[in-house]
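In the UniProt record's numbering, the protein residues as written are 1 to 532. Below: the structure, in C-alpha cells.
Pasting the structure below:
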C-alpha cells in the first residue's frame, strides 16, 4: 500500500511519521483518535501524492444492516464536505471497521459480517471521486484487509496487532507525551450506571426527590429556590471530592477513584443534584466551573452524577454528561469530551447543549471562545436586587414550556419520549401531569438574551433531515451533510462561536421514544470528526 505521513495532535508540527504497511496503519488508529475505538466506523482523509493524513470521522456501527447504505453515504459526504470547507478536498481515504466478537464468535466471523459495510463505504467514497486505498477490519486483537488479495501479507486468519507500545507510532507518541486513554468501552464505563442493586436504590431516591420538589416547582419562587439550592449542593459536593482524595492518578486507578467518588455522594444528594440540573439555567451556571481549581472536582462530580442516572431516569444523564464533556473539552481532553458528548446525545438525541458542543468540538473551534462567554456572565439571575422576569401570559400564569423566562421544573421519568433540551420542564408521569398554557414556539433566532449562561436553549447547528446531517431515523449527526459554503474557515469559526454566545428559544421537537433512536444511532457515540 502507499506510504502515509501522519501529524498527530500533540506531536510537534515538524515531526512526521511514515507508515509503510497495513500493520502500522492499524496500530496507529488509537493514536489518531486518542483512544481505541470499539464498534465503530472510522474514515480518515488522505491528501497529496504521499497520502498525508487529514481529517477523520467516527460513527457507531448501526445494528441493522439495512441502515448501512445510507450511513455510508452520509459518513463519506461528511468527511469530504468538511475537508472542502477547510480548503482541501481529500485525494483518498482509509476506512477502519472496529468490532469485538460476541460470545462464541471470532474475529474472522466479524470480518465477514462487516464485509458488506466495507463495500458500501468504498462505493460511497468512490461516488464522490475519492477512492478508498485501504479498508481494515480490527477485531479480537487482529486485523484484516478488505482491499489486499495477497494472502502472503494479509492471510485469511488475520494478522496480529503489534503489542501495545511497540509500534513506530507508539514510540513517537511516547516521545511527544501523547497518550492513549484506553478503549472506548473503558471510557464509557466511567460514565455508565452502577450494577442492578445500586440502580434500585438510586431510582428510589430520584422518585422521592421528584415528589418532594414537584409542589415547589409549580411556583416561580420555588423554582428559583431550587436552582439556588442545586448550585449550593453541587459546590458542597465538589469541595467534598476535592478534600477527600486526589482522584485518578498518583497510583490510583480510574475504577478505584470513581468508586471512592460514588461512596462520598449519597443517593439523596445525587438525586437532588440530577433533578436540579435539568433546569437549563442552573446547568449553564454550573458550566462556569470549567477551569482552574474547579475543573477537576467538577468533572468528577458530573461523572458521578451521570453514573446515577439509570432505569427510567437514563434520559436525565444528558445534563451531567454534557457538563462532563464540556469540562473535558475546556481542559484539553478532546477524546474524553467526544465520548461524554456522544453518550449525552445517545441519552437525549435532541439535547441542544450537547449538539452545540459536539459540533464545536468536531469543528476544531477553540473552547476559549465559549469560556470567555461564560466568564462574562458571573451574576446569578436570581441575585438580590435584580428584578424578576415574567412571561407574557395572564397575570400569575405559569410560564409556558417554550418561554425563555421559564426555569424548568425538576424532571421526572417520561423525558425520553419528549426529547429536546431541558429549556422547559420534561414530561411528568401522567398521574402527576398538569396542563399549562404554552406560548407558540418562536422561530429560531427570535429569542431574547438569557440572563445567565450565555448558551441557554441554543438551537442545534445543522438540520435533522437525512440530507442535512441526520442518520436514518432522524438521529442527528452533528457536523454532517453541510454544503461547502466557500467561506473561509475562520469566518465559519466566528459564526458557530456566535451561536454559543447568542441564546434563542428554539421550538421543541417531539421524537419517537423507544429503541428506534438507539438503533439509528448505533451502539456507539454519534458522529465525530477531527480536524487535520
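Note that the Cβ used here is the ideal one computed from N, Cα and C, for glycine as well.
Limits of the alpha helix (DSSP H) - the one that residue i falls within
{"i": "residue 226", "result": "220-244"}
{"i": "residue 68", "result": "68-85"}
{"i": "residue 356", "result": "352-362"}
{"i": "residue 119", "result": "115-127"}
{"i": "residue 371", "result": "368-375"}
{"i": "residue 184", "result": "184-189"}
{"i": "residue 167", "result": "From DSSP, residue 167 is part of no alpha helix (DSSP H); its letter is neither H nor E."}
{"i": "residue 27", "result": "22-33"}
{"i": "residue 312", "result": "Where residue 312 is concerned, there is no enclosing alpha helix (DSSP H), given that its DSSP letter is neither H nor E."}
{"i": "residue 193", "result": "No alpha helix (DSSP H) contains residue 193, which DSSP labels as neither H nor E."}
{"i": "residue 36", "result": "Premise fails: residue 36 is in no alpha helix (DSSP H) and is neither H nor E."}
{"i": "residue 276", "result": "267-276"}
Coil, strand or helix - residue i by DSSP
{"i": "residue 97", "result": "strand"}
{"i": "residue 320", "result": "helix"}
{"i": "residue 282", "result": "helix"}
{"i": "residue 17", "result": "strand"}
{"i": "residue 55", "result": "strand"}
{"i": "residue 307", "result": "helix"}
{"i": "residue 160", "result": "strand"}
{"i": "residue 292", "result": "helix"}
{"i": "residue 107", "result": "helix"}
{"i": "residue 151", "result": "coil"}
{"i": "residue 330", "result": "helix"}
{"i": "residue 287", "result": "coil"}
{"i": "residue 201", "result": "helix"}
{"i": "residue 92", "result": "strand"}
{"i": "residue 60", "result": "strand"}
{"i": "residue 50", "result": "coil"}
Cβ distance (whole Å) where residue i is taken to contact residue j below 8 Å
{"i": "residue 191", "j": "residue 58", "result": "With a Cβ gap of about 17 Å, residue 191 and residue 58 do not count as contacting."}
{"i": "residue 554", "j": "residue 348", "result": "Only positions 1 to 532 of the chain appear in the structure, and residue 554 is not among them; the question remains open."}
{"i": "residue 276", "j": "residue 219", "result": "About 16 Å separates the two Cβ atoms, so there is no contact after all."}
{"i": "residue 172", "j": "residue 41", "result": "Actually they do not touch by this definition, with Cβ atoms about 26 Å apart."}
{"i": "residue 142", "j": "residue 161", "result": "6 Å"}
{"i": "residue 233", "j": "residue 272", "result": "6 Å"}
{"i": "residue 324", "j": "residue 290", "result": "With 8 Å as the limit, residue 324 and residue 290 do not qualify as a contact, their Cβ atoms being about 11 Å apart."}
Residue i: first and last residue of the uninterrupted beta strand (DSSP E) it sits in
{"i": "residue 139", "result": "132-139"}
{"i": "residue 144", "result": "142-145"}
{"i": "residue 40", "result": "40-47"}
According to DSSP, residues forming a beta bridge with residue i
{"i": "residue 339", "result": "BP columns for residue 339 are empty, so no partner."}
{"i": "residue 259", "result": "Answer by DSSP bridge pairing: none, since residue 259 is not bridged."}
{"i": "residue 178", "result": "DSSP output for residue 178 lists no bridge partner at all."}
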